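Since the structure comes first, as structure tokens, the remarks are kept for the end.
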Amino acid sequence: MSQLKPEIQTQRMTETLQDVKKIQFWLDKAVAWSQNKSPDTLRDISRHLRKLCAYLQQLLIHVNSLSSTTEAMEKLPFMGQLLGRLCWNFHVTANDTSREVLFQCLWALYSEHPSNAVERKANQWIQNVLCHFATEEGDGPQAVMKGLFLPLHEYYLKVLGKSVSLLQEEIVKSCSSLGGINSRCSCDKILATSEACVPLVTCGDAAPLIGALLQRAETCVQAVLSEDFLHALNTAYSSKCLVLEEQSVVSLWCHSLSTLEEAVLSLLESVVTNTATTPQKMLEKVSQSLLPKACAQNCSIFLVVNDIFRSTMKHAEGNENMKSLIQLFSLCFLKEHAQLQTQMYLPLKYFFPQTSQSLLIPMSTLPSEMPQEAWRLHLNWLSSSLQRLTEEEEKGDGGSGSHRGLHKVFEAWFLLVQCSHWVQVALQLLSTNDLRDCSALLWLLTFYHHPTNRGHHRTMQLVRSQKLWKHLHSLFLNLAHPPSVDQLQPLITLLTSPPPQQPPLAPTLILSLLVNFAVFFQSGPTHILQMVVDGSGLLQEVVCVLSSLELRLSEGSCRESDTNRVHIRIKELQKSLDTCVQYGPWSPAVNQTHSLTHTVKRFENDEGVRTSPKQLTGLRLCGNPWQCDFYH
Amino acid sequence: MESVLKNVSSSVELLAVAAHSSVVEHWQEQTVSRAFQWASYCEHLHSRFHSNPTVRGTIEKQIQQTNQHLLSAFPGCTQVCFSDLSRLRHLLLQGLLTNPKLPLSIMKTLFDSKHPAERTYSENQDVHGLCNYIVRCKSACKVLRLLTDSLAVGAVGADAEVLGETLMERLEAVMSQSGDLCKAEHFLDSVLQGGEGATPHLCVVISAALLTRKKSAAETASHAVLLDWLLKRHSTLKHMVTEAPTALITDLVKRHLKFRDAYCNVLKEWASDMEYSLSEGEWTTQTNPTLTFQNLTQHFLTLFEACPSVRAEVEKELNILKKSDGDFEVGGLSVWGDLLSALNQ
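Respectively, the protein sequence lines represent chains H and R. 1 is the number of the first residue of the first sequence in my numbering; add one for each residue after it. 1 is the number of the first residue of the second sequence in my numbering; add one for each residue after it.
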């Protein structure tokens with residue numbers, strides 16, 4: 001025991017030495033900052049603001065661990081000086097974060113029941129500082145203010161507003177697009193202005209100025225924003241303290257890649273890890289995120305966002321939530337893009353440089369943009385184009401050509417995921433009594449779920465999906481003798497416990513086909529879906545598929561005469577599924593449910609924490625067909 | 001009227017209690033809020049009645065009575081007057097924060113920084129985070145002031161512009177209440193202290209007021225009144241011309257004809273005061289030691305730049321004066337001659 005003591009003592013000594021060094025460092029800084037306000041000093045303050053806040057937090061924790069202010073004054077004799085100097089530095093007090101932690105330090109040093117002269121003095125000093133903060137009249141013309149009956153706080157509020165608008169005006173007129181080629185813009189002031197605004201990024205009253213800076217920097221090459229400014233904006237954005245209007249947020253994304261990535265990842269996180277989310281909620285989240293609009297207005301933003309989606313798809317392709325998100329996002333994006341004014345409009349090909357025009361245009365056309373009769377033909381064409389692409393890839397075995405081929409197939413598949421409104425139409429058409437072109441539609445459907453023959457076993461799955469379709473068709477056709485539970489057993493087994501030697505047919509494929517049949521098949525037996533849900537326990541998944549079907553139809557891509565009938569059908573099904581809720585986790589198939597969702601989640605990070613694409617890269621899944629040396 | 005007087009009396013008492021009494025130890029957030037509501041009420045009263053001498057007088061008497069009572073209870077207590085009612089919230093805050101018995105919880109509420117929501121102070125009497133917001137505003141103003149100064153944005157600073165605009169607003173209000181110019185002048189005297197000890201601040205404020213751009217009939221009328229007031233106070237005018245930056249004077253000359261003429265007269269007056277000092281080889285003036293011949297020349301050039309059409313006329317006048325001095329071409333004999341040669345270089 002006695003041997004330990006000296007060690008602890010030395011440790012404590014080195015700790016206090018470090019403390020002393022640190023406080024000396026910050027005290028020197030605070031003194032230097034108060035002596036002059038040259039641009040270099042201001043830059044130094046901006047650069048150190050965050051570290052200062054971190055240091056003050058540490059100091060605060062330390063002080064709070066001590067028993068009294070007297071002890072604090074003994075152990076940290078320079079603290080009072082440091083706080084004093086910082087309180088008088090209006091750059092430090094202008095910034096929300098540093099001001100908050102500064103106040104907290106003051107509270108920590110205030111003694112509610114002062115026990116000696118030191119504590120009483122400290123209290124007095126603190127109260128003086130606070131009074132000065134709130135009521136000091138400064139070097140303004142007090143007499144004039146009094147004569148005008150202008151209250152101090154109102155005066156400062158107005159002056160702030162006036163300063164902001166003066167600077168805004170200056171920014172706007174410094175770069176007039178009407179000037180001739182020889183007229184120089186004075187956008188070199190932008191750098192100094194942005195540097196000065198670093199403490200004010202979270203100040204709502206300064207938001208118009210910050211917005212003007214961001215937008216000017218977008219339109220003029222001479223206007224450069226300071227690194228500290230962008231960094232401060234990014235930090236404020238991450239902690240959700242940023243108060244900016246929409247257009248300014250988009251400008252920020254243009255300037256700061258990390259802020260954009262953060263925005264995309266937080267959208268992914270909020271949607272993908274939340275298993276209880278409905279398609280409607282997802283759509284809401286997507287449009288509220290401003291990202292689709294920003295993507296439509298700025299090709300570069302879209303390319304970044306798409307890249308993030310692409311890389312997530314490469315590593316987590318089985319995640320249905322992810323696929324739905326991408327589809328909804330693309331839908332919003334295409335709509336925003338279509339609505340753009342002519343001066344901002346850029347043809348779609350610039351947004352999809354890796355896809356051929358011949359595939360892009362047909363895929364990106366929305367079903368609502370063409371008559372329903374044309375759908376079959378369109379889908380046929382899509383299906384055959386994609387088939388051709390896969391055949392080309394499969395023909396070229398080995399060598400450099402195959403990488404390119406695989407890459408093409410991946411891009412085509414990724415585009416299909418983005419434009420999976422066509423897959424949904426294919427499902428709808430497959431579920432009618434019309435038997436034309438079903439092989440092409442089935443191929444498309446299978447390709448969507450099992451894109452390649454390298455690990456996805458597309459050919460084999462195609463055979464199985466054809467069998468499934470025929471089976472469903474016969475089930476629904478048989479109105480006279482509706483199927484019993486036993487007759488539905490093979491279907492249920494396929495969903496819940498498929499034969500272990502073969503790779504399973506994607507459950508979502510099966511379910512979505514089933515649901516579409518239940519909705520669209522004319523006068524089929526009504527209880528099939530119900531019985532399958534009862535037997536398999538996949539209530540949540542079915543409800544989800546039904547909701548996304550409802551969402552698509554509410555966008556208005558169904559023929560008028562059918563709309564009513566279809567909507568009534570959907571409502572009936574939803575009502576009958578609601579009564580299933582009571583069975584929920586107590587259904588007999590609970591084990592199978594677990595294994596099913598486990599399979600689906602296999603491609604997600606097991607801890608369920610936020611996965612950045614970089615983290616997802618770390619997932620080395622065996623047999624992932626996209627994992628060839630071409631990508632990493 | 002009875003209730004109004006009672007309320008005013010109570011509010012003044014409240015102010016004294018907040019500043020001096022140990023009762024504040026037990027005050028809660030709601031108490032402080034109520035106190036601010038009362039202070040706000042008094043501010044409304046002030047704005048309603050400050051131009052009504054009868055009511056004003058009655059209220060003033062009431063306040064005096066209350067002051068007397070309070071002196072006995074709180075011997076060091078500050079005496080309030082009617083015009084203090086216009087900033088009673090400020091005085092209340094000041095009183096509270098100087099009261100050593102103010103509890104920590106109230107301080108924390110006032111300075112709470114967890115409410116980033118922007119607030120309009122005028123309507124909202126919520127005291128939560130009030131002082132935090134004031135500090136932020138003030139500091140942000142100073143930060144931006146540094147920036148606007150370094151970038152030379154605007155001829156006057158934001159603070160002078162705000163005061164100038166407020167001055168015009170109040171002046172227009174006074175003039176709309178009664179067309180009596182005397183009242184307007186009286187108002188200007190009280191605000192601008194009759195122009196006595198005209199500080200640089202004051203000059204900038206007056207300039208800013210004269211340069212407001214609302215483009216309304218009321219504004220034009222008010223500008224006229226302010227200008228007349230200024231031109232009557234010769235020393236203030238001279239001070240303004242000396243202190244104000246060139247850009248400001250240029251704007252004023254361009255905007256107001258009367259100012260241009262007055263400016264021109266001031267310059268001529270200065271010139272005529274000048275004497276040639278043989279030892280220094282320069283024209284100097286005793287009345288205005290900081291004014292050099294170069295300054296004077298520069299002033300004339302400013303005038304001509306701002307208003308080129310006036311140049312010919314002024315030069316003609318200077319020529320006449322030069323002739324009356326003997327029409328010498330040699331330097332040092334006639335200030336007018338030297339001026340002309342300097343201006344035509």
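Glycine included, C-beta positions come from ideal geometry on N, C-alpha and C. This structure is a prediction, so every number in the text was calculated from the model and none was measured.
Residue i Cβ short of 7 Å to the ligand NAD heavy atom set
i: Gln-466 (chain H); result: What this structure holds is no ligand at all, so the ligand NAD is not there to describe.
Per-residue contacts from residue i into chain A (C-beta, under 8 Å)
i: Val-55 (chain R); result: Structure shown: chain A not included; protein chains present are H and R.
Opening and closing residue of the alpha helix (DSSP H) in which residue i lies
i: Tyr-237 (chain H); result: 227-238
i: Glu-170 (chain H); result: 152-174
i: Asn-132 (chain R); result: 130-151
i: Gln-294 (chain R); result: 293-306
i: Phe-302 (chain H); result: 299-315
i: Cys-42 (chain R); result: 29-49
i: Asp-96 (chain H); result: 96-109
i: Pro-103 (chain R); result: Here Pro-103 (chain R) belongs to no alpha helix (DSSP H), and DSSP marks it neither H nor E.
i: Ser-72 (chain R); result: 53-73
i: Leu-268 (chain H); result: 257-272
i: Phe-329 (chain H); result: 320-338
Contact list for residue i against chain H, beta-carbon separation under 9 Å
i: His-69 (chain R); result: What His-69 (chain R) touches in chain H: nothing, since even the nearest Cβ is about 26 Å away.
i: Arg-145 (chain R); result: Val-159 and Ser-163
Where residue i falls: helix, strand or coil (DSSP)
i: Ser-277 (chain R); result: strand
i: Ser-248 (chain H); result: helix
i: Lys-614 (chain H); result: Because the pLDDT of Lys-614 (chain H) is 34, which lies under 50, any placement of that residue in the model is unreliable, and the question is left without a value.
i: Thr-599 (chain H); result: In this prediction, Thr-599 (chain H) scores a pLDDT of 32, lower than 50, which makes its location untrustworthy; no coordinate-derived value is stated.
i: Gln-222 (chain H); result: coil
i: Arg-213 (chain R); result: coil
i: Ser-456 (chain H); result: The sequence shown places His at residue 456 (chain H), not Ser. His-456 (chain H) falls in the coil class under three-state DSSP.
i: Cys-81 (chain R); result: coil
i: Val-609 (chain H); result: Residue confidence for Val-609 (chain H) is low, a pLDDT of 35 falling below 50, so the modelled location carries little weight and cannot support an answer.
i: Glu-2 (chain R); result: helix
i: Leu-619 (chain H); result: Because Leu-619 (chain H) sits at a pLDDT of 31, beneath the cut-off of 50, its placement in the model cannot be relied upon, and the point is left open.
i: Gly-80 (chain H); result: helix
i: His-378 (chain H); result: helix
i: Tyr-583 (chain H); result: Model confidence at Tyr-583 (chain H) stands at a pLDDT of 44, short of 50, so the residue's coordinates are unreliable; what they give is reported in the following sentence. It is coil, neither helix nor strand.
i: Arg-87 (chain R); result: helix
i: Thr-35 (chain H); result: Note on residue identity: the sequence assigns Gln, not Thr, to residue 35 (chain H). DSSP places Gln-35 (chain H) in helix when its eight states are reduced to three.
i: Trp-26 (chain H); result: helix
Partners in chain H for residue i, counting only beta-carbon separations shorter than 8 Å
i: Arg-311 (chain R); result: Per Cβ cutoff of 8 Å: no residues; Arg-311 (chain R) is ~29 Å from chain H at best.
i: His-234 (chain R); result: The premise fails here: His-234 (chain R) is roughly 21 Å from chain H at the closest Cβ pair, so nothing lies under 8 Å.
i: Pro-100 (chain R); result: Asn-123, Gln-124 and Gln-127
i: Gln-345 (chain R); result: Near Gln-345 (chain R) there are no residues of chain H at all, since even the closest Cβ is about 31 Å away, more than 8 Å.
Start-to-end residues for the beta strand (DSSP E) that takes in residue i
i: Trp-283 (chain R); result: 282-284
Beta-carbon neighbours of residue i, restricted to chain H and to distances below 7 Å
i: Phe-408 (chain R); result: As displayed, chain R neither begins before 1 nor continues past 345, which places residue 408 (chain R) out of reach and without an answer.
i: Val-162 (chain R); result: Tyr-155, Lys-158, Val-159 and Lys-162
i: Leu-97 (chain R); result: Gln-127, Leu-130, Cys-131, Ala-134 and Thr-135
i: Met-107 (chain R); result: Leu-130
Interface residues of chain R facing residue i [CB-CB closer than 7 Å]
i: Leu-166 (chain H); result: Thr-148, Val-153, Gly-154 and Ala-158
i: His-231 (chain H); result: Simply none; closest approach about 18 Å.
i: Pro-208 (chain H); result: Going along chain R, no residue has its Cβ under 7 Å from Pro-208 (chain H), so there is no contact; the nearest lies around 12 Å.
i: Tyr-110 (chain H); result: Leu-104
Beta-carbon spacing of residue i, residue j below 8 Å
i: Ser-113 (chain R); j: Phe-133 (chain H); result: no
i: Val-144 (chain H); j: Leu-97 (chain R); result: no
i: Leu-379 (chain H); j: Leu-444 (chain H); result: yes
i: Val-423 (chain H); j: Tyr-448 (chain H); result: yes
i: Val-545 (chain H); j: Leu-577 (chain H); result: no
i: Leu-209 (chain H); j: Gln-168 (chain H); result: yes
Proximal residues of chain R, C-beta to C-beta of residue i below 8 Å
i: Arg-99 (chain H); result: Ser-113, Asn-132, Val-135, Arg-136 and Ser-139
i: Lys-37 (chain H); result: Leu-146
Per-residue contacts from residue i into chain R (C-beta, under 9 Å)
i: Glu-170 (chain H); result: Thr-148, Leu-151, Val-153 and Gly-154
Checklist entry - According to a CB-to-CB cut-off of less than 9 Å, which residues of the region 32-56 of chain R neighbour chain H? => result Listed in chain order, the positions of the region 32-56 of chain R with a beta carbon within less than 9 Å of a beta carbon of chain H are Glu-43, His-46, Ser-47 and His-50.
Checklist entry - Using Cβ-Cβ distances below 7 Å, what residues of the region 269-280 of chain R are close to chain H? => result Here the close residues number zero.
Item to check | the region 75-90 of chain H: positions lying closer than 7 Å to chain R by Cβ | outcome: In summary, the residues of the region 75-90 of chain H whose CB is separated from some CB of chain R by less than 7 Å are Phe-90, in the order they occur in the chain.
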